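Asker:
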Amino acid sequence: MNDDATRDVFERGREGSKALFEKARGVLAGGLTSELRAAAPFPLFIERAQGARKWDADGNEYIDYSMGSAALLLGHAHPAVIEALGRQASKGTLYSALTALEVEWAEAVKSLYPAAGQVRFTGSGTEATTLAFRLARAATGREKILCFEGHFHGWGDDTSVGIKVPFGRPHTHGILAAVNEAAIVCPADLESAEAALAANPDTAAIVLEPSGASWGTVPLPEGFPEGLRRLADASGVLLIFDEVITGFRWSPGGAQALFGVAPDLTTLAKNLTGGLPGGAVAGHEELMRLLDPALEYKGMRAGVFHRGTFNANPLSAATGIAAIGLFRTGEPQRHADAMAARLREGMARVLRHHEIAGAVYGPSSTFHIYLGPTPRNGSVEGLSAAALKSIPPAAVQALQLALRLRGVDLMSYTGGVTSAAHTPADIDQTLEAFDSAMEELAGAGKIERL
8 MNDDATRDVF ERGREGSKAL FEKARGVLAG GLTSELRAAA PFPLFIERAQ GARKWDADGN
68 EYIDYSMGSA ALLLGHAHPA VIEALGRQAS KGTLYSALTA LEVEWAEAVK SLYPAAGQVR
128 FTGSGTEATT LAFRLARAAT GREKILCFEG HFHGWGDDTS VGIKVPFGRP HTHGILAAVN
188 EAAIVCPADL ESAEAALAAN PDTAAIVLEP SGASWGTVPL PEGFPEGLRR LADASGVLLI
248 FDEVITGFRW SPGGAQALFG VAPDLTTLAK NLTGGLPGGA VAGHEELMRL LDPALEYKGM
308 RAGVFHRGTF NANPLSAATG IAAIGLFRTG EPQRHADAMA ARLREGMARV LRHHEIAGAV
368 YGPSSTFHIY LGPTPRNGSV EGLSAAALKS IPPAAVQALQ LALRLRGVDL MSYTGGVTSA
428 AHTPADIDQT LEAFDSAMEE LAGAGKIERL
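Per our numbering, residue 8 is the first one in the sequence shown, and the count goes up by one each step.
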């Protein structure tokens, strides 16, 4: 089908979503509440979800590989999470007071994370990252944050310069020049990181996604987290792991437990709550003491200011406790990892069968599809962050739309995540859709052949 025909078929089956988007544009800025949900020709409006599937306003069914932007390792509407949510909701939703639940929740986190001497809950992953940077600056007396090309740490100001190509430039207006200047962006290799630290002795912390940039879109070099730990220790800077996505998903104790590398501070969100709003910073007790209002630090009580109406709200605490109880076994991770491996292997076979230039890769329960020439057929080894994050937008949109038409919804860009709810039958159905989509797109010249 040509572009117009594909668009017409999509729109004819989704009149409800189209009408809702037109209505949304009149009351919501841009017609949405997160730019990640933007899609061509319009976003889907979802009415319900269960397990690994979701249904839109027109009743169309999709195998979901977004899974709440990777927040639903257990799948949609998991019985244990729903039961905990309902039980707590009947007792009240917000007390503006401490609860036994948040203590139990923090104990659960501490028991799994090597770096979690103490925990402070926040309202989101972005808030957790913001607080971690504030703690690092307060503890070291330094200002700069070293981050890496393409690594995402929320929508806050501090690391906005490193997210999109071209790296090193802000991707948004409205940020103070001094804030941008406090962010150091370099390629994810130890030589570049060491040089950046040497050139910037006022660096407070190094922060990274231990998955690699954008939840693994750009894989890390072998031994990179371990090398950063050594560099941080030698330079007197703090090491921050942004485990908003890797947390609980890579292993019960996240990437740090899997790699055997303990950061000074860890940020968590998404699966931390079982899929409700919330985040956390975990760190060594001497760092976290700066948040204690009973203790003075450099003339202030607390040394680091932090508040939040919805921090550790009882709904998120209850569902977080329920979810972590299941994550602790490691079984959800093992199943999701196996489903992702099955999907990656099948997608790679499809690319080879249709002689399409590209690769399928990804750690843990993720998959990423690279469309374009590779240095080594079927591998992204040697490709830069800029290359991996610069698939032509037309090809990305064509892939997303072709898969949605076939009942498959990706998370973002050209990848997604699996969950404990995905089944071999879901994977096989997805591979049939992917095969059909690749045949159509390659035949129409929308993606490259070898």
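Beta carbons: idealized from backbone N, C-alpha and C, even for Gly.
As the structure is a computational prediction, the values presented were derived from the model and not from experiment.
1) For the alpha helix (DSSP H) holding E446, just list the boundary residues, first then last.
2) Among E54, Y72, R32 and L43, whose alpha-carbon lies nearest the alpha-carbon of T430?
3) Looking only at its own chain, which residues have a Cβ that is under 7 Å from the Cβ of T179, when we skip the five neighbours before and after it?
4) What is the C-beta distance between A143 and L272, in whole angstroms, given that I count them as a contact (C-beta under 8 Å)?
5) Can you tell me whether DSSP reads T136 as helix, strand or coil?
6) Could you pull the start and end residues of the alpha helix (DSSP H) that W222 belongs to?
7) Just the Cα atoms here: how many angstroms apart are V225 and G130?
8) Could you tell me which residues DSSP puts in a beta bridge with K61?
9) Where in the segment 117-202 do unbroken runs of the beta strand (DSSP E), each at least 3 residues long, occur, reported from the N-terminal end onward?
10) Could you tell me which residues DSSP pairs with A276 in its beta bridges?
11) For Y420 and E134, I'd like the C-alpha separation in whole angstroms.
12) Are A449 and L406 close, meaning C-beta to C-beta below 8 Å?
13) Measuring CB atoms only, is the segment 362-372 touching the segment 337-346, in the sense that at least three cross pairs come out at less than 8 Å?
14) Cα separation between P5 and K396?
15) Mind checking who S419 pairs with in its DSSP beta bridge?
16) Check H313 in the structure and name its three-state DSSP category.
17) Kindly list the residues whose CB is nearer than 8 Å to the CB of R351, restricted to its own chain and excluding five residues on each side of it in sequence; keep chain order.
18) In the DSSP assignment, what are the bridge partners of A366?
19) Should R19 go down as buried or exposed, given a rule of 16 or more other Cβ atoms within 10 Å for buried?
20) Compute the Euclidean distance between the alpha carbons of A394 and E229, then round it to the nearest angstrom.
21) Determine, using beta carbons only, whether E216 and F159 come nearer to each other than 8 Å.
Answerer: The answer reads as follows:
1) From DSSP, the alpha helix (DSSP H) with E446 extends over P431 to G450.
2) Taking only the C-alpha atoms, the option nearest T430 is Y72.
3) Closer than 7 Å at Cβ, skipping near neighbours: S167.
4) Beta-carbon to beta-carbon, A143 and L272 are separated by about 7 Å, close enough to satisfy the 8 Å threshold.
5) Of the three classes helix, strand and coil, the one that applies to T136 here is helix, per DSSP.
6) For W222, the enclosing alpha helix (DSSP H) covers residues A220 to G223.
7) Straight-line spacing of the CA atoms in V225 and G130 works out to 28 Å.
8) Answer is A56 and Y69.
9) For the segment 117-202, whole beta strand (DSSP E) runs of length 3 or above, ordered along the chain, are 125-129, 151-155 and 190-193.
10) The partner list for A276 (beta bridge, DSSP) reads G286.
11) Rounded to the nearest angstrom, the two C-alpha atoms are 24 Å apart.
12) Going by C-beta atoms, A449 is not nearer than 8 Å to L406.
13) The segment 362-372 is in contact with the segment 337-346.
14) This structure gives no information on residue 5, because the portion of the chain shown stretches from 8 to 457.
15) For S419, the pairing in a beta bridge is given by DSSP as G422.
16) Coil, per DSSP.
17) So the qualifying residues of the chain are V367, Y368, G369 and F374.
18) Bridge partners of A366: Y377.
19) Classification for R19: exposed.
20) Rounded to the nearest angstrom, the two C-alpha atoms are 19 Å apart.
21) It is a contact, given that the beta carbons lie within the stated cut-off.
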